[in-house]
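With my numbering applied, the sequence shown covers 14 to 822. The structure under discussion appears below in the form of structure tokens.
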Amino acid sequence: MESMINEKTIKEALESKISRYFGVRAEDANKTQVYKAVILTVKDILTDKRSAFRRVVKQKKAKRVYYLCMEFLIGPSLKNNLRNLGLESEYAAAVKSLGFELNDLYEAEPDPGLGNGGLGRLAACFMDSLTTLDYPATGFSLLYEYGLFKQKIVDGNQVELPDIWMPGAEGWFVARTDKTFPVRFGGKVTETWENGHLRVTYTDYDEVQAVPYDMMISGYRSFAANNLRLWRAQDIQNFNMKLFTQGQYMQAVEQNTTAEMLTKVLYPADDHPEGKILRLSQQYFLVSASLQNIVADHLRQYGTLSNFAEKNAIHINDTHPALCIPELMRILMDTYSFSWETAWDTVVKSVSYTNHTVMPEALERWNEDQFRIRLPRIHSIVCEINRRLCADLWNLYPGDWERISRMAVVAYSEVRMANLSVVGSHTVNGVSKLHSQILKDSVFHDFYKVSPEKFTNVTNGIAHRRWLCYSNPKLASLLDHTIGPDYRTNPEALSDFKRYAGDKYVIEAVRDIKHRNKESFAAWYHRRTGGTLDTHSVFDVQAKRIHEYKRQLLNVLKIVALYDEIKTSPNVDIVPQTFFFGGKAAPGYYMAKDIIRLIWCLGKEIDADPKAREHIRVVYLEDYNVSMAEVLMPATDISEQISLAGKEASGTGCMKFMINGAMTVGTLDGANVEMADAVGRGNIYIFGLTAKEVDELWRSGYSAMNYYSASERLKAAVDRISAGFAGEDFSGIASYFLTGNHNVADPYLCLADFESYFRTYGAALSDYADREAWTSKAICNIAAAGYFAADRSISEYAAGIWHIGRVTE
Ligand code: 26V
């Protein structure tokens with residue numbers, strides 16, 4: 014079908030859209046109008062593809078997967094879609110004939126930030142692979158009017174600005190006002206017995222309409238085109254019916270805003286659940302609308318729900334959509350008269366769950382009273398799930414109250430979403446080998462002992478076409494010319510590139526590509542900020558959310574120690590280095606905001622020091638997001654993956670840097686462990702305590718002060734921080750290290766890992782001096798990165814968890 018599309022047909026289509034939608038002649042259209050017309054035509058192409066795909070899915074009665082996630086960090090779509098469809102050069106020519114450059118359209122495209130970080134980006138990468146591999150899949154999430162805030166750094170302080178992404182990127186979405194579903198909150202539930210059947214009546218509830226907004230997902234040269242459906246809350250009931258007709262216009266509008274608040278904004282904290290009723294309502298809104306939709310589609314095709322679990326896999330991405338479990342129970346029992354047992358069997362056979370964090374403070378719990386008032390029917394179902402669970406456990410562990418109360422879904426007036434997720438799904442997986450092991454050993458140990466077969470691992474992966482082929486076209490073209498283009502659909506074929514690790518020409522080419530990518534990044538940075546960068550310096554990058562466990566502070570200690578070295582030695586001979594930091598802090602996470610201020614002030618002080626600034630610079634990259642990552646990763650020499658071992662579930666940024674030929678300096682945490690196995694210890698810079706050693710250190714009693722006293726360099730660095738930078742006081746951070754702000758000194762063991770980190774970083778730096786050897790290692794990294802493609806992760810989910818097959822013509 015795409016073969017009938019060429020420059021001429023595209024140009025005609027654009028002209029027609031421009032005249033029809035904007036009432037101007039094509040040659041008079043401005044950039045925005047051309048951009049919008051491009052989107053409209055790409056959507057038409059995808060719509061045709063999608064209807065062909067749907068027809069075959071239906072005809073083959075294929076099992077479908079539904080991926081539920083509160084976040085989809087989709088990033089810009091135009092380049093990805095055009096390249097996936099193989100239509101980029103045709104579009105470039107057509108757009109040029111209208112007087113514009115396709116690249117300018119790419120750069121001007123807004124970046125919908127409908128996610129916080131790793132979790133949401135993973136969901137977006139997975140949709141890409143699901144579609145490329147021709148699996149029938151639907152992503153479900155919310156259409157937040159405001160995505161993750163835009164970050165401004167004003168004198169070192171993070172300031173949050175609303176992310177108004179809609180004027181622009183909303184063009185990719187199609188509102189399906191014909192496919193809405195009602196979602197009910199509050200009200201009263203009455204249970205009566207009629208002819209031996211429990212009848213549940215639900216009255217006095219508030220009803221909100223869920224309106225779907227669909228974005229089609231293209232796969233790379235795929236037969237499939239899938240759908241990402243985002244729900245938007247619309248209050249029709251209150252607005253139109255009741256108050257409005259009674260002439261109470263303003264009250265109608267006020268109530269209307271309350272309901273529509275549901276999808277107003279994405280919660281910007283991925284560290285602490287706020288326990289806010291609005292967040293719970295958002296979760297139920299997503300779950301209820303999506304499940305009604307899934308059930309309706311299933312019934313339309315099969316006319317029965319008896320084969321529901323055979324034909325549908327429902328995946329909950331972290332605990333946020335865990336209300337899927339009681340909601341599907343509700344629909345099956347209350348609407349379709351299933352017995353508890355049959356409904357439960359269907360639910361457990363349909364649902365699977367991925368855990369994405371072991372941080373105890375991120376595990377969601379809801380106050381039971383709030384939960385009951387807001388979701389009375391769901392509450393009663395959750396209580397019954399809990400009652401049956403506890404009864405089974407009592408048989409298994411008679412008298413072991415402690416264990417049973419740990420495993421309960423409802424206890425101490427709280428609803429525990431993680432326990433609900435484990436109990437109500439057939440498979441639970443972690444996102445790296447180490448993380449999955451930790452789930453079995455500690456977080457879910459009790460459940461693991463009862464049902465070991467439930468637990469499995471699927472190591473995360475990235476959309477390597479977006480993160481390598483499209484964002485690093487020079488490297489991709491070198492790969493095409495050396496190993497051939499097969500790796501684009503078969504990422505494991507990247508391993509062929511290893512043959513070139515000793516090839517002088519290829520080494521020189523990879524080195525030259527890295528340098529040119531650094532220049533492109535510098536140019537991008539200049540356009541953005543007016544600032545300049547030294548592209549001959551080492552680009553050392555730590556880009557991720559700001560979290561204590563990710564240890565941006567350990568990186569700061571290293572930089573301060575280097576700064577100290579530069580200041581105190583009479584003749585310094587070190588490679589120039591630029592230390593980049595990027596990432597947002599949750600607005601209420603004061604420590605994280607302080608870390609940003611520290612980094613920024615350190616940078617300012619170094620810039621003002623004539624001797625130091627010859628050698629090192631610290632750059633805070635404001636508003637790190639998907640579009641920035643796409644230019645930054647190809648330009649990076651050293652990737653900092655330095656979380657405390659046992660804390661980072663997987664990490665996916667690490668994979669994006671690796672596949673672009675950056676060298677990793679990292680701990681044995683998350684996916685780093687598997688990266689080290691894949692590339693070999695000689696090609697990665699591993700340092701620090703292992704997860705096991707971390708546990709032992711805590712058990713034996715950790716004294717930060719001992720590490721401080723034992724290392725001159727560390728002591729000097731902490732004291733330097735205590736003395737402040739650029740006139741700002743950071744003594745609080747020094748005491749965080751030594752005495753602790755919440756009783757525990759140095760809770761993420763920065764001091765314990767410092768010496769090992771500093772030495773290992775130093776080794777990386779001296780290796781960098783031998784650029785040929787360094788680049789040869791970079792080649793090994795690119796060659797070993799194939800395993801970390803989302804195509805591999807998705808094949809594992811499809812075969813081992815969802816049991817779905819590809820649908821081809
Ligand atoms: C948690 C919460 C809890 C409070 C309310 C808002 C909110 C929003 C998001 C989250 C999720 C945190 C979990 C997360 O993003 N985990 C990351 O998942 C990545 C994909 O699996 C993984 O690579 C990272 O290591 C992990 O930190």
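Just so you know, even glycine gets a beta-carbon here, dropped at the ideal spot from N, CA and C.
Tell me the DSSP bridge mates of residue i?
| i | result |
| --- | --- |
| Pro225 | Trp244 |
| Asp141 | DSSP output for Asp141 lists no bridge partner at all. |
| Pro195 | Gln222 |
| Ile177 | Tyr159 |
| Trp379 | Val428 |
| Arg212 | Thr205 |
| Arg630 | Thr591 |
| Ser90 | Answer is none; Ser90 lacks a bridge partner. |
| Lys165 | Val172 |
| Val78 | Ala150, Ala326 |
| Glu741 | Phe738 |
| Met676 | Ile651 |
| Ile475 | Ala802 |
Under 8 Å between the Cβ atoms of residue i and residue j?
| i | j | result |
| --- | --- | --- |
| His560 | Asp284 | yes |
| Ile579 | Val588 | no |
| Thr367 | Arg242 | no |
| Ser294 | Arg387 | yes |
| Ala110 | Lys24 | Before going on, a small fix: residue 110 reads as Ser here, not Ala. It is a contact, given that the beta carbons lie within the stated cut-off. |
| Ala730 | Leu570 | yes |
| Leu127 | Phe186 | no |
| Leu318 | His311 | yes |
| Val221 | Ala137 | no |
| Lys324 | Lys76 | yes |
| Asp147 | Thr821 | yes |
| Ala689 | Ser533 | no |
| Ala776 | Gly443 | no |
| Lys453 | Phe468 | yes |
| Leu155 | Leu299 | yes |
| Leu634 | Gly695 | no |
| Leu59 | Ala238 | yes |
Given 7 Å as the limit, tell me if residue i has its C-beta closer than that to any heavy atom belonging to the ligand 26V.
| i | result |
| --- | --- |
| Val37 | no |
| His369 | yes |
| Thr1 | With the chain covering only 14 through 822, there is no way to say anything about residue 1. |
| Tyr810 | no |
| Glu377 | yes |
| Ala662 | yes |
| Ala282 | yes |
| His285 | yes |
| Asp577 | no |
| Val444 | yes |
| Leu115 | no |
| Gly130 | yes |
| Gly683 | yes |
| Asp459 | no |
| Asn470 | no |
| Asp331 | yes |
If residue i and residue j are in contact, beta carbons under 8 Å, what's the gap, nearest whole angstrom?
| i | j | result |
| --- | --- | --- |
| Thr591 | Asp525 | 19 Å between Cβ atoms; not a contact. |
| Phe670 | Thr773 | Not confirmed; about 16 Å, so no contact. |
| Ile496 | Asp509 | 4 Å |
| Leu95 | Val55 | 7 Å |
| Ala182 | Pro123 | 4 Å |
| Tyr79 | Leu53 | So it is not a contact: roughly 28 Å between Cβ atoms. |
| Gly664 | Gly683 | 4 Å |
Only counting the same chain, and skipping five residues up and downstream in sequence, which positions put a Cβ closer than 7 Å to that of residue i?
| i | result |
| --- | --- |
| Glu28 | Ala39 |
| Lys403 | Correcting the residue type first, residue 403 is Cys in the shown sequence and not Lys. Cβ neighbours of Cys403 beyond the five flanking positions: Ile417, Ala421. |
| Leu764 | Ala717, Tyr720, Tyr721, Leu727, Phe750 |
| Glu785 | Ile520 |
| His458 | none |
| Asp338 | A small correction: the amino acid at residue 338 is Ile; Asp does not occupy that position in the sequence shown. For Ile338, where only same-chain residues beyond five positions count, the Cβ hits under 7 Å are Val360, Val364, Leu433, Gly437. |
Please return the same chain residues whose Cβ sits closer than 8 Å to the Cβ of residue i, not counting the five positions on each side in sequence.
| i | result |
| --- | --- |
| Val51 | Leu27, Leu91, Tyr104, Val108, Leu118 |
| Ala806 | According to the sequence as given, residue 806 is Ser; it is not Ala. The answer, listed in chain order, is Phe139, Ser142, Val471, Thr472, Asn473, Gly474. |
| Asp217 | Gly199, Gly200, Lys201 |
Tell me which residues share the same chain as residue i and place their Cβ nearer than 6 Å to its Cβ, disregarding the 5 neighbours each side in the sequence.
| i | result |
| --- | --- |
| Val308 | Ile344 |
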